Amino acid sequence: MSLTKEILRITARYHPIGYSQLFEYLYNETVYGKKLNENSVRAIVKRMEKNGLIKKNGKKWLLTVNGGNNLEKRHLVIKKFLNPKDVMINRQKEKKLIIIFDIPEKKKKYREWLRTELIGYGFSLVQKSVWFGPPLPKEFVEYLGEAGLLKYVKFFKASERDLI
132 MSLTKEILRI TARYHPIGYS QLFEYLYNET VYGKKLNENS VRAIVKRMEK NGLIKKNGKK
192 WLLTVNGGNN LEKRHLVIKK FLNPKDVMIN RQKEKKLIII FDIPEKKKKY REWLRTELIG
252 YGFSLVQKSV WFGPPLPKEF VEYLGEAGLL KYVKFFKASE RDLI
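Taking my numbering, the leading residue of the sequence shown gets 132, the next gets one more, and so forth.
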């Protein structure tokens with residue numbers, strides 16, 4: 132995920148947000164082990180402001196309409212299935228499915244999308260790229276095929292007692 136996209140996502144979710152909060156969020160949330168330089172974050176934020184993606188309101192940054200549209204456009208390629216209101220319901224469902232995937236780096240956005248969707252469907256991480264959760268809707272699995280991801284994903288039926 133690009134730093135610009137991540138800043139847009141954070142600003143959309145937590146706005147208004149200040150430099151220190153933004154830097155702390157980015158620094159603590161970096162999943163790839165990269166340590167972000169505060170000067171880099173400041174430079175990217177200034178560039179985003181110049182491009183009209185975010186604007187300053189006092190000491191806080193807000194997502195602009197243009198920034199929201201930019202973020203939306205970045206997500207148009209991948210279909211969203213899950214309603215956030217259903218997340219808690221999905222966590223209560225009986226877990227019967229193990230999913231293992233190895234999606235290549237050039238399809239990284241699909242890999243990130245799949246992780247997010249699996250969490251929303253009530254899946255738990257067993258180990259990297261191995262998830263355990265309830266059965267998935269047929270439409271979701273069909274979309275994996277349409278997106279060319281099924282060749283990277285394996286499904287196994289299991290129950291809690293089957294796991295050691």
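The C-beta atom is built at its ideal place from N, Cα and C for all residues, glycine as well. Since the structure is predicted, the reported quantities are computational estimates derived from the model, not experimental observations.
Assuming the contact rule is C-beta atoms closer than 8 angstroms, residue i and residue j should be a hit. Round their C-beta distance to whole Å, please.
i      : j      : result
Ile230 : Val284 : 6 angstroms
Glu180 : Lys187 : 7 angstroms
Determine the contact status of residue i and residue j, defining contact as a CB-CB distance below 8 angstroms.
i      : j      : result
Ile138 : Val176 : yes
Lys227 : Ala289 : yes
Tyr252 : Leu280 : no
Phe263 : Leu245 : no
Arg140 : Leu202 : yes
Leu193 : Thr142 : yes
Just list the residues that DSSP pairs residue i with in beta bridges.
i      : result
Leu73  : Residue 73 cannot be examined here, being either before or after the span of the chain that is shown, 132 to 295.
Trp244 : In DSSP, Trp244 forms no bridge with anything.
Leu193 : Lys186
Asn229 : The identity of residue 229 in the sequence shown is Ile, whereas the question assumes Asn. DSSP lists Phe263, Phe287 as partners of Ile229.
If you measure from the beta carbon of residue i to each beta carbon in chain E, is any gap under 8 angstroms?
i      : result
Trp244 : Among the protein chains of the structure shown there is no chain E, as only one such chain exists.
Worksheet item: Going along the chain, which unbroken runs of the alpha helix (DSSP H) with 4 or more residues stay wholly within the region 265-290?
Response: 269-277
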